[in-house]
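Novice: Let me give you the structure first, and then I'll get to my questions.
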Amino acid sequence: MTLEALGMVETKGFVGAVEAADAMVKAANVTLVGKEYIGAGYVTIFVRGDVGAVKAATDAGAAAARRVGELISVHVIPRPHSEVEDVLPGKGIAQGKSIRGASGSLGSGDEKAGAGKPKAK
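Using the numbering used here, the letters of the sequence shown map in sequence onto residues 2 to 122.
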């Protein structure tokens, strides 16, 4: 199985992460595959695609995040080993599925806190 390049942009704050995600998918032919809340306001956005597209996307995402918030880190892994997938959040990242189908879809973060779930009586 050939794995696509993996790009990551980490920001402090959700607004910067959303801005980075938007810029990445507009800048290059990449698939937005997930996000991870690290804690203390840190959010990492993941994209997949060919190496050149992922590099262009992460560059655009980093610039966008820097404009509206705090950019923490940017990294591209051109050909991640298959075992690296085991440490990544969300099954969608490993299969390169769209973020809409991934467990790490962009949301408010309330999902983890149980907000929106009906309370048991």
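Heads up, the beta-carbon is just placed ideally off N, CA and C, and yes, glycines get one too.
Considering only DSSP beta bridges, list what Met-9 is partnered with.
Specialist: Note: Met-9 sits in a beta bridge opposite Phe-47 and His-76.
Novice: For Ala-41, which of Glu-84, Lys-13 and His-82 has the nearest alpha-carbon?
Specialist: The option with the nearest alpha carbon to Ala-41 is Lys-13.
Novice: Under 7 angstroms Cβ to Cβ from Ser-74, same chain only, skipping five residues before and after it: list those, please.
Specialist: Excluding sequence neighbours, Ser-74 sits near Glu-11.
Novice: Which residues mark the beginning and the end of the beta strand (DSSP E) in which Gly-40 is found?
Specialist: Element bounds for Gly-40: 32-40.
Novice: Which residue wins for smallest C-alpha separation from Val-44, given the options Ala-22, Thr-32, Lys-27 and Ala-61?
Specialist: Nearest of Ala-22, Thr-32, Lys-27 and Ala-61 to Val-44, Cα basis: Ala-22.
Novice: So, helix, strand or coil for Arg-101, using DSSP?
Specialist: Low confidence applies here, because Arg-101 scores a pLDDT of 47, under 50, leaving its location unreliable and the question unanswered by this model.
Novice: Below 6 angstroms CB to CB, which residues in the same chain sit around Pro-79 once its five sequence neighbours on both sides are set aside?
Specialist: Counting only Cβ-Cβ distances below 6 angstroms, and skipping sequence neighbours, we find Ala-6 and Val-52.
Novice: The alpha helix (DSSP H) spanning Gly-14 covers which residue range?
Specialist: Here Gly-14 belongs to no alpha helix (DSSP H), and DSSP marks it neither H nor E.
Novice: If you follow the alpha helix (DSSP H) that Val-69 is in, where does it begin and where does it stop?
Specialist: Note, Val-69: alpha helix (DSSP H), 52-69.
Novice: With burial defined as no fewer than 16 other Cβ atoms inside 10 Å of the residue's Cβ, what is the status of Lys-36: buried or exposed?
Specialist: The residue in question, Lys-36, is buried, as its Cβ has 16 or more Cβ neighbours within 10 Å.
Novice: Can you check whether the CB of Ala-61 is closer than 8 angstroms to the CB of Gly-17?
Specialist: No, Cβ-Cβ distance for Gly-17 and Ala-61 is not below 8 angstroms.
Novice: Mind checking whether Val-31 and Ala-58 have CB atoms under 8 angstroms apart?
Specialist: Yes, the pair counts as a contact, with Cβ atoms nearer than the cut-off.
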